[in-house]
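Position one of the sequence shown corresponds to residue 4 (this note's numbering), numbered consecutively onward. Working notes for the structure below.
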Amino acid sequence: MIYQAADILRNSNSYLENTNEVEWVLSHILNCDRAELYCEERILSEDQYDNFRNLLSDRKKGIPLQYLLGNISFMGFEFIVRPGVFIPRPETELLVEEAIDLLKLNFAGDGDFCPKILDLCSGCGNIGISLTKLRSNSIIISSDISKTAISTTQANAKRHGCDKRLKAIQSDLFKGLEGEGLFDIILSNPPYVRSEDVASSLPVELGHEPKAAFDGGDDGLFFYRCIIEESPAFLKKGGFLVMEVGFDQAEDIEDLLRAESSFEIVKVRQDYAGIERIIVANLR
């Protein structure tokens, strides 16, 4: 039997409600861009069609598409993602953009200077590796408590040819970083979902991701408290702490920063939905 990609796409809503995902699966199986599915005649072999149906079956069970395909696009780069590792979200690109703005404004004077940046709670390494690709003179350390996350970061660094310029360290926040010196910028997208919500109200799809990557304690602020309290010992004077925050947490985290007299809040950035998403603080 002949299975044409064009025929499948014309009837894509019979496979999945989200027809864009049918395109992603087909382009993955045929190893082509999504646009090529429409521009050229593409035919699936029996094995490819069986693979297509199996992937869709798993997708209907709620398994994230990124795990099924094994990759995700972030800042224009492709990253490996595996079960057991947090899947990057689009809004986290704002964290990278903010870091780039800080580098341009504060560390661009000396061409020989290499700013040192810590990517804390790094997941698959998408934040640190994106910065390494976009700001090649930066020294990046990516750290995460998860062994799977660190091995995935290392695989992604090798994939992008920056494994010699990015160091991945397994560490429970700052506990494994004592010998790494001081940083110019610390970036973090820590777990920030309330424990009660992790246990009861996360969508089915998120249940396939590691709970530790979401669980921010009773009020969702546990890791922010730790980071705000401990980061001054790891930042250079005048350095920056940049954090992504949950949709209703910005005000509480600003209060935590004000209570820690070492920091001055310099910017709160909204995401494209108008939610306060990124907080930038300067170490006095």
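Even glycine gets a Cβ: it sits at the ideal position worked out from N, Cα and C. These numbers were taken from a predicted model, which means no experiment stands behind them.
From the listed residues E39, N16, Q252 and S265, the smallest Cα separation to I231 is found for S265.
Taken in chain order, the complete beta strand (DSSP E) segments of 3 or more residues contained in the stretch 107-167 are 119-123 and 142-147. Boundaries for R37: no alpha helix (DSSP H) harbours it, and the DSSP string shows neither H nor E there.
Nearest in C-alpha terms to I75, of all of Q51, C127 and A215, is C127. Here K64 carries a coil assignment [DSSP, helix/strand/coil]. Judged by their CB atoms, L238 and F186 are nearer to each other than the 8 Å cut-off. With respect to the 8 Å criterion, P235 and L190 are not classified as neighbours on the basis of their beta carbons. Annotation for A171: the continuous beta strand (DSSP E) segment containing it runs L169 to Q173.
The three-state secondary structure of F266, taken from DSSP, is strand. Annotated three-state conformation of Y6 is strand, per DSSP. Taking V248 as the centre and dropping the five residues before and after it, the same chain places the C-beta of Y195, Y227, I256, E279, R280, I281 and I282 closer than 8 Å to its C-beta, in chain order.
Annotation for S76: the continuous beta strand (DSSP E) segment containing it runs N74 to F77.
Annotation for V283: the continuous beta strand (DSSP E) segment containing it runs E279 to L286. Bounds of the alpha helix (DSSP H) holding F225 are F225 to E233.
Taking a contact as a CB-CB distance under 8 Å, the pair I144 and E183 counts as one, their CB atoms being some 6 Å apart. In chain order, Y195, Q252, D255, I256 and L259 place their CB closer than 8 Å to the CB of L224, counting only its own chain and leaving out the 5 sequence neighbours on each side. The beta carbons of Q7 and I46 sit closer together than 8 Å. Burial is judged here by how many other beta carbons sit within 10 angstroms of a residue's own beta carbon; D221 has fewer than 16 and is exposed. Annotation for E247: the continuous beta strand (DSSP E) segment containing it runs L238 to E247. V245 is positioned such that its CB atom lies closer than 8 Å to that of A102.
Cβ contact annotation for H211 (same chain, cutoff 8 Å, sequence separation greater than five): G65, I66, P67, Y70 and P86, in chain order.
Pairing R138 with L106 gives a Cβ-Cβ distance under 8 Å. When C-alpha distances from C124 are compared across A158, N109 and I148, the shortest belongs to I148. Under the criterion of beta carbons closer than 8 Å, D274 and E94 qualify as touching, at roughly 5 Å.
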